[in-house]
Structures are given as C-alpha cells and as structure tokens.
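Going down the list, the sequences are from chains A and B.
Here the first sequence is numbered in the numbering used here, starting from 1 and rising by one per residue.
Here the second sequence is numbered in the numbering used here, starting from 1001 and rising by one per residue.
Glycine included, every Cβ here is placed at the ideal spot set by N, Cα and C.
One structure below.
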Amino acid sequence: MSFVDFRNVWLAYNDELLAQGVFAVEDISLQMGAGEFIAIVGPSGCGKSTFMKLTTGLKMPSKGSIQINGAPVTGPLKISGMAFQAPSLLPWRTTLDNVLLPLEIVEPYRSSFKSKRKEYEAKARELLRSVGLGGYEENFPWQLSGGMQQRASICRALVHEPKMLLLDEPFGALDAFTREELWCILRDLQAAQKFNVILVTHDLRESVFLADTVYVMSKSPGRFVVTRQIDLPRPRDLEITYTPEFTDIVHELRGHIGAIRKTGVVVPQ
Amino acid sequence: MKITRRMERWSPLVVLAAVLLLWQAVVVLFGIPEFIFPSPLQIAQQFGEYTGPLLEAAWKTFWVTMLGFGISIVVGVLLGFLIGSSRLAYTALYPLMVAFNAVPKAAVVPILVVWFGIGLGPGVLTAFLISFFPITVNIATGLATLEPELEDVLRVLGARRWDVLIKVGLPRSMPYFYGSLKIAITLAFVGTVLAEMTAGDSGIGYLMQTAGSQQRMSLAFAGLVTIGAMAMAMYELFSWIEKRTTGWAHRGTQGQ
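In structure tokens:
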C-alpha cells in the first residue's frame, strides 16, 4: 500500500482554463512508499509547486484521484509540513517562537498549547539543537545567517511531527557549502525520524544525493517524463558525490532535462 | 569633517536656532512692522503676555484633536482590517475612499456646522475625517502583503483566516500602523484648527482667527508656534512608542 498515491491527476487552475484545456499538470501518476524520499526535478515553471499544492490538499485535482495515507485527500493535510526557498520566518518572534508557531495552530497541540507550553518548548529546543541551532533559540531570525534561517524554517515544518515533509527548493538561495551542510542535516533528520520527503529542486546533484527516487518533470504541460530509482547505498556520505556512479546518474538525468528543453521549443507552435 | 553622534543629536536645535536668528535679523534689518511679520522676540513676548489664554486654547485644541484622532484610530483600524483581509471589500470600498480622501476638508466644515452647529462637533469630526485615511491604507497594506508561502505553511496546518490574520497579519502591519499614526496625528491637528478657524468659538484656531482680524499678528504667530509644538511632541511620542514596540522592523537603525 502506497503512502502517497496519485492516479492520473490533472489540474487546471480555474474553470476557464479547464474549459480551454490548459492544465498546470497533466496525467500525473506516482506511488510513494512510507518513509520514502523522492525528489522532483525539472525546469522552472514546470508545475513542481502545483504538485506540492496537490499533495498537501491546498488544491483539488480537476481530474484523477489522490490518496494519501490510505484516504482520499479532501482538504489541507495536517500531516504535512512545508518549507520553501524563502525561510519566511516572522521577524517579531524569536527563533524558538517561530518554530512553535505551528503548534499554536494545529490540533491536537493547539488546545493544549497553553498548559503544555514547557513541554513543547523543550521539544522545539531539542529539534533546533539537532540541526545545530542550539544556543540560538532566543535570537531573532534577522540575527541569523541565511543557512541558519533555513534550518529554523525546516524545524518549523517538522515540529508537529508530520508524516510528510514538502520542500520547495529549500536550499536554492544558499551558497554551495552551506547547501551541502544542509543536505546532510536533512539526510540525518529523515534517517532518524523516517518521515516521507518530497523535495522539489532544480539541483540534480541534490536530488541524487538525497532521494530514493527522482522524478523528472517536463515543462507546460507539467508531466513526469522519467522516473529514476537511486540505488546508492545509505547512509550516503558527501564523498559519494565525487564517485563515478553518482556522476553517471546526474549525467543521465541531465540528458533527460536537455531533451525536454529541445522538444519544449517545438511544442508551442 | 566627521559627523559625530553628538552633532547629529543636537542638529535639530542648531537648525532651529539658526532659523530664529536669521528671522530676527531679517525683521530688524528691513524694519518690517509687527502687524505684517513679527520677529521671534515679539512672538515670545506674546507668550509671556497671553500665557493664560494661549494655554487654555491649546488645551482645548489638544483634546478636541485627541478625540478626533481616537475615533480615527478605531475607524481607521477597523476599515483597514476589513479592506486588507478581504479582496471583495478592497475592490468595493477603495475607490470610494480615495475619492473621499481627495475632497478638501475645508469644504466639508461648513456642512458639518450646519449639522452640528458651532462648537466641538465640527472640530472633532474634521480631525477624524482628515486623519483616518492613512491609518486605513497602512493597516490594509500590512495585511495584504503577506507572503503566499507562509500562508500555505499555515493553511496546511488547518489555520483559519482569522488565525493567519491574528498571528501574522496584525503583527506584520504594526510598523505600518505606527508609521501612519505619526502622519495621522499631525493631520488631525490640521483638521481641528481648520474647523476652529471656520466655525469655532474657542481653541487655537479661533484665537488665531480673532488675532488676525485685529491685526495682532504676533499673537496669531504665537498660536501657530503652539500648534507646531503640540504636533511635534505627539509625533515624537508615537515615534518613541513605535521604536519600543516594533524594533524588529527598524533593526537597520538600531545598535549603531
């Protein structure tokens, strides 16, 4: 039984576009096992973010069905946590309070937030410590570096122990070294807590290093054109990115993206 | 030349002193008569001579302004909240509000006099009418410029519109709000004085109107100075509150 199950999913953003047959994503099918880490790569504007909205229940498909955790998706899915390229932390809250924000909103934490605040704080502190932000709990986000803000943002996405973590180009704005550091942090968090991850990215190395399965998406209409299992053994060390096996996979995926680009020019006519 | 902190601190007073000196010098050198353009010294004398009436008028103007300003905060915030949180309300109300804001308030005062008679009513209402718009616009801007990603993060967790407004929208619009208060308070003083001059029976505006008609220009100028001082003091008060409460939005200027 798949944890995430997309069957022939189509989405048009409104009725007008639906009538014209303009879809943001077309005929998407995907089966993701529990605890799996998948990455979706593709050129900008190919519907990756649309895919995220579908998976979290923020958008309903125009056609097709989506089942998550054995039940059809009918609305926003509280079992998911999200983080984006922009950390979007609240500047008037300390790092700790930013991480606690989801617990003030999502049940069952919401109703017990006041009475169990101490307990939740301890939990948030522990999470921050695990990503190397111990000692920065009382700092404000604007006192942190970009990489640290992004770590806090990931903590915010994870604090309510979601079964599914959705990341939309989370490391896109970071420098190469910080990015690799955060790859390892994400790898370790996922190995420890076994949540599902859907990582949207256009960094092929990132997708191959982190994911169990990489989906390559084509541009307008967005559809999956290639699915690639990554069989590299876990736990993976950064060193692996310099091995020929790794480079070959990256190369192969790059080839698919190149092919999409070429046909993409022909399609509009 | 190096600009020190100390110089920066005293610079407003230095400029003020320079302007006063220049003013005094011009009046004395060209022998301008008092009933046309009084010198700072002559104005200062009026303060000594008419301390009582000036203070009384100032007090009157002050609380009329505060009353209007208070209404303006309540109405401005509520309206801003409404048009900032609902697209429909924004589209429906904004054009009308812009049109209303463009109406010269001096033209409205006579109408208010017909409705409320001479006295407090027109002053309070003019102060309110002239000053609520910036508050509304700023609150609405703060609420409407939420990052869509953050909204997604919270909506996934089952956040209701209200949650997002209270946890994110409102705190976010606070710097805008305090910024608008600084503008609104000075406008409110303009409104009160305007009403007092056209249809008042007390207050600084009335005092200036009377003094002007009796060619006592120094006293009229003393009234102007009083209004300016009150507006400046209130502006500084709100600046101070702003810095205290929303320091996170002004971090660039802090700790230098």
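Residue i, enclosing beta strand (DSSP E) - first and last residue
{"i": "A/Trp10", "result": "4-11"}
{"i": "A/Ser65", "result": "63-68"}
{"i": "A/Thr213", "result": "213-217"}
{"i": "B/Phe1132", "result": "No beta strand (DSSP E) holds B/Phe1132; the alpha helix (DSSP H) holding it covers 1120-1144."}
{"i": "A/Glu26", "result": "25-32"}
{"i": "A/Thr270", "result": "Absent from the model: residue 270 of chain A. The displayed extent of chain A is 1 to 269, so no value can be given."}
{"i": "A/Ala171", "result": "It should be noted that the sequence gives Phe, not Ala, for residue 171 of chain A. Here A/Phe171 belongs to no beta strand (DSSP E), and DSSP marks it neither H nor E."}
{"i": "A/Ser80", "result": "80-84"}
Where residue i falls: helix, strand or coil (DSSP)
{"i": "B/Val1019", "result": "helix"}
{"i": "A/Asn139", "result": "coil"}
{"i": "A/Asn354", "result": "Look at the range of chain A in this structure, 1 to 269, and you will see that residue 354 of chain A is not part of it."}
{"i": "A/Leu133", "result": "coil"}
{"i": "A/Ile40", "result": "strand"}
{"i": "B/Trp1010", "result": "helix"}
{"i": "B/Lys1243", "result": "helix"}
{"i": "A/Pro162", "result": "coil"}
{"i": "A/Val265", "result": "A caution first: A/Val265 carries a pLDDT of 47, below 50, which makes its placement in the model too unreliable to give a value."}
{"i": "A/Ser49", "result": "helix"}
{"i": "B/Pro1038", "result": "coil"}
{"i": "B/Glu1236", "result": "helix"}
{"i": "B/Asp1163", "result": "helix"}
{"i": "B/Ser1085", "result": "helix"}
{"i": "A/Gly21", "result": "coil"}
{"i": "A/Leu232", "result": "coil"}
{"i": "B/Thr1004", "result": "coil"}
{"i": "B/Pro1095", "result": "helix"}
{"i": "A/Pro72", "result": "strand"}
{"i": "A/Leu103", "result": "helix"}
{"i": "B/Gln1256", "result": "Confidence at B/Gln1256 is low in this model, with a pLDDT of 35, below 50, so its placement is unreliable and no value can be given for it."}
{"i": "A/Thr201", "result": "strand"}
{"i": "A/Leu210", "result": "helix"}
{"i": "B/Ala1249", "result": "helix"}
{"i": "A/Leu167", "result": "strand"}
{"i": "B/Trp1063", "result": "helix"}
{"i": "B/Asn1101", "result": "helix"}
{"i": "A/Pro244", "result": "helix"}
Endpoints, the alpha helix (DSSP H) within which residue i is located
{"i": "B/Phe1177", "result": "1170-1199"}
{"i": "A/Arg156", "result": "146-158"}
{"i": "B/Arg1155", "result": "1148-1156"}
{"i": "A/Arg99", "result": "With the sequence shown as reference, residue 99 of chain A is identified as Val, and Arg is not the correct amino acid for it. Run containing A/Val99: 95-100, per the alpha helix (DSSP H) assignment."}
{"i": "B/Met1208", "result": "1203-1213"}
{"i": "B/Phe1116", "result": "1105-1116"}
{"i": "A/Ser111", "result": "109-112"}
Beta carbon of residue i nearer than 8 Å to that of residue j
{"i": "A/Leu54", "j": "A/Thr95", "result": "no"}
{"i": "A/Ala39", "j": "A/Leu144", "result": "no"}
{"i": "B/Thr1245", "j": "B/Val1109", "result": "no"}
{"i": "B/Thr1210", "j": "B/Thr1126", "result": "no"}
{"i": "A/Val99", "j": "A/Leu128", "result": "yes"}
{"i": "A/Thr247", "j": "A/Gln229", "result": "no"}
{"i": "A/Val216", "j": "A/Leu253", "result": "yes"}
{"i": "B/Phe1132", "j": "B/Val1064", "result": "no"}
{"i": "B/Phe1157", "j": "A/Lys78", "result": "Per the sequence presented here, residue 1157 of chain B reads as Leu, with Phe not at that position. In contact: B/Leu1157 and A/Lys78 (Cβ atoms closer than 8 Å)."}
{"i": "A/Asn139", "j": "A/Val4", "result": "no"}
{"i": "A/Phe113", "j": "A/Glu119", "result": "no"}
{"i": "A/Lys194", "j": "A/Gly81", "result": "no"}
{"i": "A/His256", "j": "A/Val208", "result": "no"}
{"i": "A/Val131", "j": "A/Arg110", "result": "no"}
{"i": "B/Ala1044", "j": "B/Met1230", "result": "no"}
Beta carbon proximity, residue i to chain D, threshold 8 Å
{"i": "B/Leu1170", "result": "Included in the structure are the protein chains A and B, with no chain D among them."}
Closer than 7 Å: residue i CB and nearest the ligand NAP heavy atom
{"i": "B/Leu1207", "result": "Ligands in the displayed structure: none, and consequently the ligand NAP is not present."}
Q: Check whether the region 1073-1087 of chain B touches the region 1215-1235 of chain B, taking contact to mean three or more Cβ pairs, one atom from each stretch, closer than 8 Å.
A: Contact between the region 1073-1087 of chain B and the region 1215-1235 of chain B is absent, because fewer than three Cβ pairs lie under 8 Å.
(Q) With three or more beta-carbon pairs closer than 8 Å as the criterion, would you say the region 151-171 of chain A touches the region 68-88 of chain A? (A) Touching, yes, given that three or more Cβ pairs across the two stretches are closer than 8 Å.
Q | Three or more C-beta pairs below 8 Å linking the region 215-226 of chain A and the region 11-27 of chain A | A | Enough Cβ pairs lie closer than 8 Å, so yes.
Q. Looking at chain B, which residues of the region 42-71 of chain A have a Cβ within less than 7 Å of any of its Cβ atoms?
A. Residues of the region 42-71 of chain A with a C-beta less than 7 Å from any C-beta of chain B: Thr56, Leu58, listed in chain order.
Q) For the region 1089-1103 of chain B against the region 1176-1193 of chain B, are there 3 or more C-beta pairs whose distance is under 8 Å? A) No, because fewer than three Cβ pairs between the region 1089-1103 of chain B and the region 1176-1193 of chain B fall closer than 8 Å, the two stretches do not touch.
Q: Scan the region 98-113 of chain A for residues whose Cβ lies nearer than 8 Å to a Cβ of chain B and list them as they occur along the chain.
A: Correct list: Leu101, Pro102, Glu104, Ile105, Val106, Glu107.
Q. Of the residues that make up the region 161-190 of chain A, which ones have a beta carbon closer than 7 Å to any beta carbon in chain B?
A. From the region 161-190 of chain A, no residue has a Cβ closer than 7 Å to chain B.
Q. Are the region 105-124 of chain A and the region 173-193 of chain A touching by the rule of at least three beta carbon pairs closer than 8 Å?
A. With contact defined as three or more Cβ pairs closer than 8 Å, the region 105-124 of chain A and the region 173-193 of chain A are not in contact.
Q. Should the region 1141-1153 of chain B be called in touch with the region 1162-1176 of chain B, which here means at least 3 C-beta pairs below 8 Å?
A. With the cut-off at 8 Å, the region 1141-1153 of chain B and the region 1162-1176 of chain B touch.
Q: Using a Cβ-Cβ cut-off of less than 7 Å, list which residues of the region 1144-1159 of chain B approach chain A; keep chain order.
A: Of all residues in the region 1144-1159 of chain B, Glu1147, Glu1149, Leu1150, Asp1152, Val1153, Leu1154, Arg1155, Val1156, Leu1157, Gly1158, Ala1159 have a Cβ within less than 7 Å of some Cβ in chain A.
**Q.** Given 8 Å, three or more beta-carbon pairs between the region 1117-1136 of chain B and the region 1073-1081 of chain B
**A.** These segments touch.
**Q.** Three-pair Cβ contact test at 8 Å for the region 1114-1121 of chain B versus the region 44-64 of chain A
**A.** The region 1114-1121 of chain B is not in contact with the region 44-64 of chain A.
(Q) Under 8 Å, with one C-beta from each stretch per pair, do the region 1031-1050 of chain B and the region 1206-1221 of chain B reach the 3-pair mark? (A) Two segments are said to touch when three or more pairs of C-beta atoms, one from each, lie closer than 8 Å; by this definition the region 1031-1050 of chain B touches the region 1206-1221 of chain B.
**Q.** Residues in the region 79-100 of chain A having any Cβ partner in chain B nearer than 7 Å
**A.** Among the residues of the region 79-100 of chain A, those with a Cβ less than 7 Å away from any Cβ of chain B are Ser80, Met82, Phe84, Ala86, Ser88, Leu90, Pro91, Trp92, in the order of the chain.
Q: Quick one: which residues of the region 133-151 of chain A get their C-beta closer than 8 Å to a C-beta of chain B? List them in chain order.
A: If the cut-off is 8 Å between Cβ atoms, the region 133-151 of chain A has Phe140, Trp142 near chain B.
Q: Evaluate the contact criterion for the region 175-182 of chain A versus the region 145-152 of chain A: three or more CB pairs, one atom per stretch, below 8 Å.
A: In the pairwise beta carbon analysis, the region 175-182 of chain A is classified as touching the region 145-152 of chain A: at least three pairs are separated by under 8 Å.
Q. Relative to chain A, which residues along the region 1234-1248 of chain B have a C-beta separation below 7 Å, given in chain order?
A. Residues passing the 7 Å Cβ filter: Trp1248.
(Q) What are the residues in the region 217-245 of chain A lying within 9 Å of chain B by C-beta distance? (A) For the region 217-245 of chain A, the beta-carbon criterion of a distance under 9 Å to any beta-carbon of chain B is satisfied by none of its residues.
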